[in-house]
Amino acid sequence: MAEIPTTARVVIIGGGAVGVSTLYHLAKAGWTECVLLEKNELTAGSTWHAAGNVPTFSTSWSIMNMQRYSTELYRGLGEAVDYPMNYHVTGSIRLAHSNERMQEFERAKGMGRYQGIDMEMLGVDEIQGKYPFIELHDLKGALYDPTDGDIDPAQLTQALAKGARDLGATILRFTPATGVSRENGEWIIHTEKGDIRCEYVVNAAGYYAQKVGEWFKPYGGRTVPMMVMSHQYLLSEPVAELEAWSKENGRKLPLLRDVDTSYYLRQEKTGFNLGPYERNCKAHWVTPNDPFPEDFSFQLYPDDLDRLEWYIEDAMARVPLLGSSGISRVINGPIPYAPDGLPLMGPMPGVPNAFEACVFTFGIAQSGGAGKVMAEWITEGATEWDMWAVDPRRYTDYTDRDYCIAKGMETYGHEYAMHFPWHRWPTAPDRKLSPVHDKVKALGGQFGVYNGWERATWFAKPGDDTSEEATHTWGRSGPWEQRIKEECEAVRDGVGVLDLPGFSRFNLSGAGAADWLRGMISGGLPKVGRMNLGYFPDNRGRILTEMSILRHGEEEFTLITAATAQWHDGEHLKKNLAAGLTLTDHTTEYDTLIVTGPKARDLFAAIGEADLKLPWLSIQTGTVAGKPAMLARVSFAGELGWEVHAKVADMPAIYDAVLGAGSKPFGMWALNALRIEKGYRAWKGDLSTDYSLLEGGLERFVKFDKPQDFPGKAALLAEKQQGSKKRFVTLTVEAGEADAPYMSTLWHDGQVVGETTSGAWGYRVGKSIALGMLRADLAVPGTEIEVEIYGERCRAVVEEDQPLWDPENARIRA
Ligand SMILES: Cc1cc2nc3c(=O)[nH]c(=O)nc-3n(C[C@H](O)[C@H](O)[C@H](O)COP(=O)(O)OP(=O)(O)OC[C@H]3O[C@@H](n4cnc5c(N)ncnc54)[C@H](O)[C@@H]3O)c2cc1C
0 MAEIPTTARV VIIGGGAVGV STLYHLAKAG WTECVLLEKN ELTAGSTWHA
50 AGNVPTFSTS WSIMNMQRYS TELYRGLGEA VDYPMNYHVT GSIRLAHSNE
100 RMQEFERAKG MGRYQGIDME MLGVDEIQGK YPFIELHDLK GALYDPTDGD
150 IDPAQLTQAL AKGARDLGAT ILRFTPATGV SRENGEWIIH TEKGDIRCEY
200 VVNAAGYYAQ KVGEWFKPYG GRTVPMMVMS HQYLLSEPVA ELEAWSKENG
250 RKLPLLRDVD TSYYLRQEKT GFNLGPYERN CKAHWVTPND PFPEDFSFQL
300 YPDDLDRLEW YIEDAMARVP LLGSSGISRV INGPIPYAPD GLPLMGPMPG
350 VPNAFEACVF TFGIAQSGGA GKVMAEWITE GATEWDMWAV DPRRYTDYTD
400 RDYCIAKGME TYGHEYAMHF PWHRWPTAPD RKLSPVHDKV KALGGQFGVY
450 NGWERATWFA KPGDDTSEEA THTWGRSGPW EQRIKEECEA VRDGVGVLDL
500 PGFSRFNLSG AGAADWLRGM ISGGLPKVGR MNLGYFPDNR GRILTEMSIL
550 RHGEEEFTLI TAATAQWHDG EHLKKNLAAG LTLTDHTTEY DTLIVTGPKA
600 RDLFAAIGEA DLKLPWLSIQ TGTVAGKPAM LARVSFAGEL GWEVHAKVAD
650 MPAIYDAVLG AGSKPFGMWA LNALRIEKGY RAWKGDLSTD YSLLEGGLER
700 FVKFDKPQDF PGKAALLAEK QQGSKKRFVT LTVEAGEADA PYMSTLWHDG
750 QVVGETTSGA WGYRVGKSIA LGMLRADLAV PGTEIEVEIY GERCRAVVEE
800 DQPLWDPENA RIRA
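Going by numbering that gives the first Met the number 0, the sequence shown opens with residue 0, and the numbers climb by one from there.
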């Protein structure tokens with residue numbers, strides 16, 4: 000039996016494109032003492048049979064970044080590692096059947112331009128110039144992406160492997176990992192050939208990731224949220240006309256994606272490759288008579304063309320040439336899906352020094368970028384780009400097997416669907432319910448999902464159109480618009496109530512708790528009986544997270560943070576916790592109401608017992624409707640108000656009383672509009688590791704002169720001396736039908752000068768507002784710029800660095 004190394008810095012489990020790219024990037028970063036274990040031959044999982052399409056298109060900034068990086072890497076990789084490979088940059092054409100789709104393309108084009116990708120909108124009459132064999136019926140236009148193409152996935156993997164080996168990394172083929180254990184803060188990876196001791200381990204096991212993930216449960220792990228779909232593409236016989244066209248033009252046809260019908264069609268040698276994402280899709284290995292196999296290396300599922308018939312016919316009507324030849328081969332392979340179809344990349348939840356780089360549905364297009372991101376996580380503990388969209392901690396405890404299967408199928412069947420801001424994917428609802436869920440529903444509540452919790456987004460009145468179809472718009476208008484306005488006005492003029500289940504809540508106590516917390520945040524702590532906002536920077540001074548800090552005693556705190564941040568923030572606190580301190584998660588024990596508006600004091604005077612004269616940012620224990628509750632005088636809506644934090648069992652009575660005392664229910668969409676008018680930031684939009692605290696306009700939360708050091712202090716001091724490149728700004732926008740979504744481009748004098756981080760209509764100020772990051776020299780009140788919203792350049796003005804609504808905060812302090 001061949002000798003294997005007994006130690007390594009990192010062991011990667013899985014030799015597909017993603018695992019090997021991670022190894023290559025670690026080696027490039029100088030971490031050459033790394034070992035990749037592959038149970039069979041490299042590529043034996045999903046990689047060997049992938050079609051190899053390499054798009055850059057995405058409506059997610061970070062995914063586009065990752066894919067763009069891949070294309071740039073792949074262009075030079077063959078030469079860099081001396082392993083020539085087939086990578087055809089053919090460009091691609093995405094077809095639009097609707098105006099909404101054209102708007103989506105405009106948005107992607109804008110983001111692409113920002114990243115240096117020169118996408119181009121095509122009118123219907125321009126499409127045949129790039130793709131002569133196409134029929135134009137039903138089309139509104141198209142998007143041309145010159146960087147799209149296809150690569151041979153096996154050659155790509157081998158090239159990355161050669162690059163890694165040449166730098167000194169080790170790849171062990173036919174060496175399955177059989178388990179893991181942990182000793183003295185190190186991992187021991189077991190194989191049949193011996194154990195390897197290492198600092199870090201990466202689960203890159205593709206569709207086997209859930210199996211490998213089980214080994215980590217004794218060390219704090221959870222079931223990996225995923226399922227496996229069957230995905231097919233068909234290869235046609237050679238097509239003479241195609242061959243002739245290619246010969247004449249010296250290139251392949253661009254790849255065609257009919258995203259509204261849901262397939263791609265690519266030239267493969269002198270024939271076609273047709274790959275649908277069918278609505279009537281099929282999951283595998285989810286029923287007792289179809290068990291997960293011990294090994295599926297280099298295997299395929301049987302062909303299942305019936306499922307694809309409709310798509311094949313549609314494609315033949317679009318490109319009749321496709322019908323001129325027969326099918327030569329069908330590839331039907333396993334493709335893993337997380338519930339949202341995005342990979343799991345980053346720290347393995349709950350487990351020290353373990354990472355996930357698995358469950359990729361577009362792992363060929365993404366492996367280059369994924370390798371870069373994973374190497375950064377491992378060697379630096381942080382990534383250059385904010386990668387929350389793919390962070391495994393975005394899923395918490397609600398992703399059981401049924402959920403993963405149902406969501407995976409829904410996502411696969413809508414792989415190319417548009418993700419409208421008002422739309423909610425309907426499958427697998429009601430994972431986590433507020434104690435007053437039924438009451439909220441009875442009031443007309445329409446729900447959105449926040450870390451599995453159902454929260455009202457708006458309240459419909461009888462007769463309002465609450466259908467899914469009504470939400471298929473990027474625009475502001477819809478059945479909800481008038482209701483959001485009414486809800487905002489009720490908060491402005493009277494009092495509103497919003498039920499907020501799932502607020503992440505941690506209690507911290509123990510001798511030294513205050514000192515420790517001071518060393519974690521950039522600012523100061525509140526006095527006993529008060530609360531404030533704490534910003535947690537990373538070592539580079541970037542915004543890791545924000546929490547409300549409520550101080551009950553000298554050494555006793557409650558930390559409250561976004562629902563979706565539960566595992567992310569919980570782990571950050573736990574990982575850094577000083578010895579002797581106690582940190583406990585109480586998220587599910589409590590429910591929260593936001594009760595806010597100028598009449599909030601009158602309301603509590605009628606139904607509660609509390610000192611309602613205590614100032615803004617005070618906290619106290621009182622009663623509401625005779626039930627014990629903690630009242631925190633704060634309002635994310637920017638009006639007089641209190642948050643009511645009460646035990647789950649007590650909330651129904653409190654909610655009834657608050658409603659009975661004349662408050663009007665409002666939803667998350669109204670809250671979003673209200674908070675943007677106040678310039679209050681939201682996590683992972685306005686607040687992310689893409690920005691430093693100083694760029695984020697949070698200097699008043701940074702106490703450079705406090706005695707405690709804190710993460711990122713040196714970086715922030717350096718930035719302060721040199722000046723920030725970007726600045727957080729509030730913009731008023733002469734918007735058309737739509738307000739600015741996340742990552743809309745900002746223009747000045749024909750140059751891209753920044754991006755929005757969120758946008759909404761402000762009903763109190765009667766304006767469209769965007770929050771964003773602007774080149775520092777332009778971040779001066781009164782500067783006129785443009786915001787590109789779904790392709791339309793809208794005039795905007797930089798506002799004073801203060802809230803648009805109630806700049807003196809007189810209303811919240813009232
Ligand atoms: C028909 C089809 C077409 C596709 N087309 C495209 C496309 O055009 N573009 C695109 O981007 N993506 C495409 N994909 C998806 C793509 O194939 C995957 O996203 C990608 O291959 C995932 O790579 P990976 O490295 O994460 O996983 P895998 O390639 O599955 O690699 C995981 C590896 O882990 C190994 N392993 C598992 N358990 C162990 C263990 N215990 N010890 C050691 N090794 C272990 C496996 O043997 C396997 O080699 C397609 C998929 C299918 C099914």
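Glycine included, C-beta positions come from ideal geometry on N, C-alpha and C.
Owing to the predicted nature of the structure, the values given are computational and were not obtained by experimental measurement.
Contact test: valine 211 Cβ vs ligand 1 heavy atom, cutoff 7 angstroms: Within the cutoff, so yes.
Contact check, glutamine 540 vs glycine 522, beta carbons under 8 angstroms: Here residue 540 turns out to be glycine, not glutamine, going by the sequence shown. For the pair glycine 540 and glycine 522, the CB atoms are not nearer than the 8 angstroms cut-off.
Span of the beta strand (DSSP E) around cysteine 197: Residues 193 to 202.
Contact test: valine 9 Cβ vs ligand 2 heavy atom, cutoff 7 angstroms: Ligands displayed in this structure: ligand 1; ligand 2 is not among them.
Coil, strand or helix - tyrosine 336 by DSSP: Strand.
Lysine 210 burial status per 10 Å Cβ neighbour count (16 or more: buried): The residue is exposed, with fewer than 16 neighbouring Cβ atoms inside 10 Å.
beta-carbon glycine 51 near ligand 1 non-hydrogen atom, thresh 7 angstroms: Answer for glycine 51: yes, Cβ within range of ligand 1.
Proximity test, asparagine 39 beta-carbon vs ligand 1 heavy atom, cut-off 7 angstroms: Yes, the beta carbon of asparagine 39 sits closer than 7 angstroms to at least one heavy atom of ligand 1.
Residue interval of the alpha helix (DSSP H) (run including threonine 378): It spans 362 to 379 - the alpha helix (DSSP H) in which threonine 378 sits, taken as one unbroken run.
Alpha carbon of leucine 138 to alpha carbon of alanine 95, nearest angstrom: Each residue's alpha carbon lies about 6 angstroms from the other.
Every unbroken beta strand (DSSP E) inside the segment 222 to 289 [3 residues or more]: Complete beta strand (DSSP E) runs here, min 3: 226 to 235, 254 to 257, 262 to 267 and 270 to 275.
Whole-angstrom distance between lysine 573 and leucine 582, CA atom to CA atom: Using only the alpha carbons, I get a separation of about 7 angstroms.
Three-pair Cβ contact test at 8 angstroms for the segment 341 to 356 versus the segment 251 to 267: With the cut-off at 8 angstroms, the segment 341 to 356 and the segment 251 to 267 do not touch.
Closer than 7 angstroms: histidine 571 CB and nearest ligand 1 heavy atom: Answer for histidine 571: no, Cβ out of range of ligand 1.
Glycine 178, buried or exposed, once every other Cβ within 10 Å from all chains shown has been counted against 16: With fewer than 16 other Cβ atoms within 10 Å, it is exposed.
Backbone CA spacing between tyrosine 449 and arginine 699 [nearest angstrom]: Rounded to whole angstroms, the gap between the alpha carbons of tyrosine 449 and arginine 699 is 29 angstroms.
In DSSP terms, what valine 643 is bridged to: Within the DSSP bridge table, the entry for valine 643 names Leu592 and Leu630 as partners.
Glutamine 750, DSSP secondary structure in three states: In the structure shown, glutamine 750 falls within a strand segment according to DSSP collapsed to helix, strand and coil.
Uninterrupted beta strand (DSSP E) stretches inside the segment 538 to 614 (no shorter than 3 residues): Secondary structure remark: continuous beta strand (DSSP E) runs of at least 3 residues inside the segment 538 to 614, in chain order: 542 to 552, 555 to 560, 581 to 584 and 589 to 595.
Strand pairing of alanine 141, partner residues [DSSP]: Note: alanine 141 sits in a beta bridge opposite Leu94 and Leu121.
Proximity below 8 angstroms, CB of glutamate 754 to CB of tyrosine 113: Cβ distance < 8 angstroms, so glutamate 754 and tyrosine 113 count as in contact.
Lysine 210, DSSP secondary structure in three states: Per DSSP, reduced to three states, the secondary structure at lysine 210 is helical.
Valine 17 Cβ short of 7 angstroms to ligand 1 heavy atom set: Checking every heavy atom of ligand 1 against the Cβ of valine 17, one is found closer than 7 angstroms.
Local conformation of threonine 410 per DSSP, three classes: Collapsing the DSSP output to three states places threonine 410 in a helix.
Beta carbon of alanine 778 nearer than 8 angstroms to that of valine 797: Valine 797 sits close to alanine 778, with the two beta carbons spaced by under 8 angstroms.
Buried versus exposed, by CB contacts within 10 Å (16 or more), leucine 252: The residue in question, leucine 252, is buried, as its Cβ has 16 or more Cβ neighbours within 10 Å.
Beta-carbon proximity check, valine 10 vs valine 34, cutoff 8 angstroms: In this structure, valine 10 places its C-beta atom within 8 angstroms of the C-beta atom of valine 34.
Cβ distance (whole Å) where alanine 282 is taken to contact methionine 228 below 8 angstroms: Approximately 6 angstroms separates the beta-carbon atoms of alanine 282 and methionine 228; this is inside 8 angstroms, confirming the contact.
Cβ separation of threonine 465 and glutamine 445, assumed to be a contact under 8 angstroms, to the nearest whole Å: That pair is a contact at about 6 angstroms.
Any 3 or more C-beta pairs closer than 8 angstroms across the segment 366 to 385 and the segment 672 to 689: Segments in contact, yes.
Opening and closing residue of the beta strand (DSSP E) in which threonine 177 lies: Following the DSSP letters along the chain, one finds threonine 177 inside the beta strand (DSSP E) bounded by residues 176 to 182.
Valine 206 beta carbon near ligand 1 (any heavy atom closer than 7 angstroms): The sequence as given places tyrosine at residue 206; valine does not occur at that position. Yes, the beta carbon of tyrosine 206 sits closer than 7 angstroms to at least one heavy atom of ligand 1.
Range covered by the alpha helix (DSSP H) that runs through serine 723: Under the DSSP assignment, serine 723 falls outside any alpha helix (DSSP H); it carries neither an H nor an E label.
Simplified DSSP state of aspartate 429, which is helix, strand or coil: Aspartate 429: coil per DSSP, three-state reduction.
Beta-carbon proximity of valine 372 to methionine 65, cut-off 8 angstroms: For the 8 angstroms CB-CB criterion, valine 372 and methionine 65 form a contact.
Closest by C-alpha distance to valine 80, when choosing among His24, Arg106 and Thr89: In this structure, His24 is the residue among His24, Arg106 and Thr89 with its C-alpha nearest to the C-alpha of valine 80.
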